[in-house]
Amino acid sequence: MKFSNTYVGLGQRFYNKSQPTAVRAPKLFLWNTALANRLNIPAALQQDSEALAQYFSGNQILAGAEPIATAYAGHQFGSFNPLLGDGRAHLLGELLDDEGRRWDLQLKGSGESAYSRAGDGRCALGPAVREFIMSEAMRALGVPTTECLAVVTTGETVYRQRANPGAVVTRVAASHIRVGSFQLFASRGDVESLTALRDYAIDRHFPEIKQQASNHSVALVDSVIAKQIQLVVAWMRVGFIHGVMNTDNTAISGDTIDYGPCAMMGVYDPQAVYSSIDRNGRYAFGNQPRIVNWNMARFAESLLVLHPEDEQLLAQMQELINDFPQRFQQAYNRMMADKLGLQDLQPGDDALIESLLARLAELKLDYTISFDLLTKSLTDSKVQTFISADLGDCYQQWWQRVNAQALSAEQLQAAMRNNNPVVIPRNHHIEAVLADCEASGEASAALDFLAVLRQPYVETEETARYQSTDDSFDQGYQTFCGT
Ligand SMILES: Nc1ncnc2c1ncn2[C@@H]1O[C@H](COP(=O)(O)OP(=O)(O)OP(=O)(O)O)[C@@H](O)[C@H]1O
Ligand SMILES: [Mg+2]
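First residue of the sequence shown? That's 1 in the UniProt record's numbering, and the numbers climb one at a time after it.
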């Protein structure tokens, strides 16, 4: 394994050098072999679970790693906090894969740093396993995401309302640069660092910008907006509610980051919200497009600090932000068209999409199951009778519309299936799995669940175990931040 730590090279204003705090009795709980292979982690090390436990708890530091806690700011529920930073995480460094792509390796729950404030620097086992399972499920669903390489239990207790077993989770990310990373320097008026961060982000994520004649700040905002639209549209496709879309939890790479209080939507409900602290529904399912628009406005504002009194540039940034809703809607409608098997969007399709979703909300129907049944109804008359009874006129309209296309039922079904999962990590299933892991101290429940979630578009013999819904569980469900 060869680390190259370019973020460290940006200088001390970007981070605090910080060593993980050793833990009492590290034990490997989950290991992501496919990801480890992609990162070329040597087979000999992968077979040595004791060594993995030492390295991925932070008890020992891999050769070449230079642990840092990165500094960032951020708007949390709309209020600006000028300094957050990794209060319980250590970025070990970067690894290159065979295609030359650079990946951050970060321990989370690895002890205090200069940014810990009142926190203990730790993470409980439940949230660590949750991050591992959710990110793996999202990857398999085709949603851009950070990933998890390992969960190691620490043999220590972490107190969160009650005593919990502690753990360290290793996250792999295209980078950990957040909107809040830009806000840190913008709010300080630190033009030198802000310029360095902009150029670094372009080099790392959008190198094509360097060849463009246009202003690099504007081009970066434009590119990040495109990524964030793709991301949130993908969330909306599978019913994912992030739960804490603060600007410090918005990665420039366009990958999902921070699975703290996330949840999956069962019954279709734009107002669905599960985070215990989100009392006003700021981050509710249907609000996610508006919030990412707001976060992008904060991103554009940060970069404008580099261009004071440039009216033309201000107008360009303004236009990007003003165009956001329309750009999002277009991508969203395209995604919905894919879920419905529509090859192109025609006049009237927007109304069809809206009325279908309104029908799901009115009848309190499950989002994933309804689209699964629509997909199956193309070739199964029993399913067709069942779902058309629920959806009524909407079903007939949809049926006529899709069948007017020059595609066989099988072709149509295959196209729809790519966009409509048969299984998602439902809240009651994930909580049951986490409870099992905690009670048994064993990972087998997580491994069984993962095996199914890794094939979310295929019905295997095991899939049915995790397809059941539990609306009453969802109604009382609460998730927590900083867990
Ligand atoms: N137990 C803790 N000890 C110290 N700091 C913490 C703890 N939990 C959260 N924080 C810090 O509080 C801030 C907000 O936390 P949040 O829950 O968004 O992030 P996180 O889950 O810790 O990390 P990430 O965003 O990297 O996934 C971050 O600066 C985070 O480092
Ligand atoms: Mg966070």
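Ideal Cβ positions, reconstructed from N, Cα and C, are used throughout, including at glycine.
Which residue marks the beginning of the alpha helix (DSSP H) containing residue i, and which one marks its end?
| i | result |
| --- | --- |
| TYR367 | 367–377 |
| VAL339 | According to the sequence as given, residue 339 is Lys; it is not Val. From DSSP, the alpha helix (DSSP H) with LYS339 extends over 311–340. |
| ARG188 | 179–188 |
| PRO289 | 288–304 |
| THR170 | Not the alpha helix (DSSP H): THR170 falls in the beta strand (DSSP E), residues 162–173. |
| HIS176 | Element bounds for HIS176: n/a, residue is neither H nor E. |
| GLN384 | 381–391 |
| ILE41 | ILE41 -> no alpha helix (DSSP H), and no H or E assigned at all. |
| MET236 | 216–238 |
| ASP48 | Element bounds for ASP48: n/a, residue is neither H nor E. |
| GLU410 | 409–417 |
| LEU363 | 349–363 |
| ASP451 | The amino acid occupying residue 451 in the given sequence is Ala; Asp does not appear at that position. Start and end: 444–453. |
Rounded to the nearest angstrom, what separates residue i and residue j at their Cα positions?
| i | j | result |
| --- | --- | --- |
| ALA226 | LYS376 | 32 Å |
| SER253 | SER381 | 44 Å |
| ALA114 | SER18 | 8 Å |
| ARG279 | TYR15 | 33 Å |
| PHE206 | ALA118 | 36 Å |
| THR33 | GLN46 | 8 Å |
| VAL292 | ASN333 | 17 Å |
| PHE29 | GLU50 | 11 Å |
| ARG102 | ARG401 | 45 Å |
| VAL172 | ARG38 | 11 Å |
| PRO57 | PHE328 | First, the residue type needs correcting, since residue 57 is Ser and not Pro in the sequence shown. Roughly 40 Å separates the two Cα atoms. |
| ARG24 | TYR395 | 59 Å |
| ALA414 | VAL458 | 11 Å |
| ASP474 | ASN419 | 24 Å |
| SER358 | LEU194 | A quick correction: the sequence has Ala, not Ser, at residue 358. Approximately 45 Å, taken between the alpha carbons. |
| THR157 | THR385 | 53 Å |
| GLU362 | LYS339 | 20 Å |
| VAL151 | LEU447 | 12 Å |
| GLN343 | ILE387 | 22 Å |
| PRO127 | THR379 | 40 Å |
Given the structure, does residue i come close to ligand 2, in the sense that its CB is under 7 Å from one of the ligand's heavy atoms?
| i | result |
| --- | --- |
| ASP190 | no |
| ASP104 | no |
| ASN249 | yes |
| ASP86 | no |
| ASP255 | no |
Is there at least one non-hydrogen atom of ligand 1 closer than 7 Å to the beta-carbon of residue i?
| i | result |
| --- | --- |
| CYS481 | yes |
| ILE277 | no |
| SER110 | no |
| TYR115 | yes |
| ALA89 | yes |
| VAL129 | no |
| GLY93 | no |
| VAL151 | no |
| ASP258 | yes |
| VAL244 | yes |
| GLY121 | yes |
Counting along the chain, where does the beta strand (DSSP E) carrying residue i start and finish?
| i | result |
| --- | --- |
| GLU99 | Element bounds for GLU99: n/a, residue is neither H nor E. |
| TYR15 | 15–17 |
| TYR200 | It is not in any beta strand (DSSP E) - TYR200 instead sits in the alpha helix (DSSP H) that spans 191–205. |
| ILE68 | 68–70 |
What are the residues that DSSP puts in a beta bridge with residue i?
| i | result |
| --- | --- |
| SER79 | GLN76 |
| TRP398 | None, per the DSSP bridge assignment. |
| GLU431 | DSSP lists no partner for GLU431. |
| TRP31 | ALA150 |
| MET134 | According to DSSP, which records beta bridges pairwise, MET134 is partnered with nothing at all. |
| LEU105 | GLY93 and VAL172 |
| CYS123 | ALA167 |
| TYR159 | ALA163 |
| PHE3 | LEU95 |
| VAL267 | ASP366 |
| SER275 | THR479 |
| ILE241 | ALA263 |
Does chain C have any CB closer than 8 Å to the CB of residue i?
| i | result |
| --- | --- |
| THR21 | The displayed structure is made up of one protein chain only, and chain C is not part of it. |
| task | Please confirm if the region 161–180 is in contact with the region 238–250, defined as three or more CB-CB distances below 8 Å between the two stretches. | result | Remark: three or more beta-carbon pairs, one from each stretch, lie closer than 8 Å, so the region 161–180 and the region 238–250 are flagged as touching.
| query | Do the region 257–267 and the region 472–483 meet, that is, are 3 or more Cβ pairs less than 8 Å apart? | reply | Verdict: yes, contact present.
| query | Per the contact definition of three or more C-beta pairs closer than 8 Å, is the region 147–160 in contact with the region 130–138? | reply | The region 130–138 is in contact with the region 147–160.
| Can you find at least 3 beta carbon pairs, one from the region 417–424 and one from the region 446–460, that sit closer than 8 Å? | Contact between the region 417–424 and the region 446–460 is established, with three or more Cβ pairs separated by less than 8 Å.
| Three CB pairs or more closer than 8 Å across the region 354–372 and the region 265–273 | Contact holds between the region 354–372 and the region 265–273, because three or more Cβ pairs, one in each stretch, are under 8 Å apart.
| On the three-pair Cβ rule with 8 Å, is the region 104–113 touching the region 75–88? | The region 104–113 is in contact with the region 75–88.
| said: With a threshold of 8 Å, are at least 3 pairs of Cβ atoms found where one atom belongs to the region 212–223 and the other to the region 282–289? | reply: No, because fewer than three Cβ pairs between the region 212–223 and the region 282–289 fall closer than 8 Å, the two stretches do not touch.
| said: Would you call the region 288–303 in contact with the region 459–469, where contact means no fewer than 3 C-beta pairs closer than 8 Å? | reply: Verdict: no, contact absent.
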